[in-house]
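Here the structure comes first, spelled out in structure tokens, and everything after it is commentary.
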Amino acid sequence: MTLPNTPAILVTGGAGFIGSHTVVSLIEAGFRPVIVDDFSNSSPNVIQRLEQITGKAIAYYTLDCLDLQGLKTVFAQETISGVIHFAAHKAVGESVQQPLKYYRNNLDSLLNVLSLMQEYQVQDLVFSSSATVYGQPDNLPVDEQAPLKPAESPYGFTKQVGEQILRDACKVSALRSVLLRYFNPIGAHPSGLIGELPLGPPNNLVPYIIQTAAGLRERLTVFGNDYATPDGTCIRDYIHVVDLAQAHVQALKHLQKQTEASYCEAFNIGTGKGNSVLEVIQTFIQETNQGLPYTIGPRRAGDVTAVYASVQKAEKQLDWHAERSLAQALVDAWRWQCSLK
Ligand code: UFG
């Protein structure tokens, strides 16, 4: 139960895929999330869906984080004790075509949030980073000590720069930050009420699978089967979005326990297990009994062969681990797709 004057957790991008699931987890853990979202890549009906799932009224502001004055009114009106910053553009291919859009949006939004946190003396920030910072790691599973590789896309570079901005800012201010390096988030809330809503043809594997099974796409193309992996297709660490959401709650609790002002640490958030593209396809067919037309196509530029997480640091320090299986995530994603019909 949240008390009426519980300080708020500001969730930028809180109507998006990972943000909306995190809002549910925050409420379940007794926090009071306040959403800021411009609904540029999400639907306003997510708010009602969140109210339906949680049975709570959801506070939200329709606002672009680039609007510093607008964001300032949120900090002035709410008593904010921490921030989870999701708001960002995230399409890898689009970022290659429109790099300035990505640099301006993803970096200025973060800088706006940080300047207001400083002004209103808010200490704790959880930042959405990505496994993309590792590129193709030299060793697997990849741990947080692994060197960061030159970014393959402007999107990936905004995550590396975002991390560096936070490391620099934490050193010289009261700011404390956890950088969560997400592996491949998939799935949906088991209620089928919230999930991923890509605009246009999906870029990512699981949204493409479920739209193909639903008959919205003719066939899935597997991007290459000549990689140096057991079945020739790329390997990723697919994590259920509800597990990922819970990692944010643990990160926030972890920050609140810190005594040093300059705390800044990165954590891998994955399952620790790699699955190939063909394994994902086979698991989907097996679990849902759906037909899934697919064909093998050429490699996609920029794809790494294999990446999966070492999750020991998150287990030890955040007291968190992924609980849900790939099968469960695919069934939940399929339920969500079916609810959209
Ligand atoms: N894939 C296909 N067909 C598709 C879509 C994807 O075969 O239609 C394959 C890809 O080639 C890859 C795997 O499925 O091997 C996963 O691809 P996704 O696009 O779902 O995920 P990525 O690992 O490419 O992307 C993830 C995050 C991005 C991040 C990127 C960086 O979703 O945010 O990692 O590596 F930037």
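Sequential numbering of the sequence shown, starting at 32, is according to this note's numbering.
Just so you know, even glycine gets a beta-carbon here, dropped at the ideal spot from N, CA and C.
Who are the near neighbours of residue i in its chain, counting only those whose CB is closer than 7 Å to its CB and skipping five residues on each side?
i	result
residue 175	297, 298, 299, 344
residue 121	186
residue 229	238
residue 236	308, 311
residue 134	185, 189
residue 130	185
With C-beta atoms as the reference, is residue i less than 8 Å away from residue j?
i	j	result
residue 259	residue 323	no
residue 270	residue 306	no
residue 241	residue 364	yes
residue 54	residue 97	no
residue 23	residue 354	Outside the shown range of the chain (32 to 372) lies residue 23, about which nothing can therefore be said.
residue 100	residue 336	no
residue 371	residue 318	no
residue 119	residue 140	yes
residue 301	residue 234	no
residue 68	residue 104	no
residue 184	residue 303	no
residue 252	residue 328	yes
residue 292	residue 349	no
residue 250	residue 326	yes
residue 210	residue 191	no
residue 143	residue 102	yes
residue 203	residue 52	no
residue 254	residue 198	no
residue 138	residue 193	yes
residue 111	residue 41	yes
Looking at residue i and the ligand UFG, is the gap between the Cβ and the nearest heavy atom below 7 Å?
i	result
residue 202	no
residue 161	yes
residue 272	no
residue 315	no
residue 234	yes
residue 212	no
residue 187	yes
residue 121	yes
residue 253	yes
residue 192	no
residue 369	no
residue 308	yes
residue 295	no
residue 133	no
residue 215	yes
residue 239	yes
residue 267	yes
So residue i and residue j are in contact, right, with Cβ under 8 Å, and what is the actual spacing, rounded?
i	j	result
residue 222	residue 66	No, residue 222 and residue 66 are not in contact; Cβ-Cβ is about 18 Å, not under 8 Å.
residue 154	residue 205	5 Å
residue 282	residue 157	5 Å
residue 148	residue 127	Between residue 127 and residue 148 the Cβ distance is about 31 Å, and since that is not below 8 Å, they are no contact.
Tell me which residues share the same chain as residue i and place their Cβ nearer than 6 Å to its Cβ, disregarding the 5 neighbours each side in the sequence.
i	result
residue 159	117
residue 48	227
residue 219	226, 363, 364, 367
residue 351	278, 281, 345
residue 90	65
residue 73	46, 47
Which one or two residues does DSSP pair with residue i in a beta bridge?
i	result
residue 155	113, 207
residue 337	266
residue 64	40
residue 305	In DSSP, residue 305 forms no bridge with anything.
residue 296	209
residue 251	325
residue 93	68
residue 217	271
residue 161	213
residue 173	340
Residues in the same chain with beta-carbon distance under 8 Å from residue i, minus the five sequence neighbours each way, listed in chain order, please.
i	result
residue 173	162, 165, 299, 338, 339, 340, 341
residue 88	82
residue 290	none
residue 70	46, 93
Compare the C-beta of residue i with all C-beta atoms of chain C and state if any pair is closer than 8 Å.
i	result
residue 39	No chain C appears in the structure shown, which is made up of a single protein chain.
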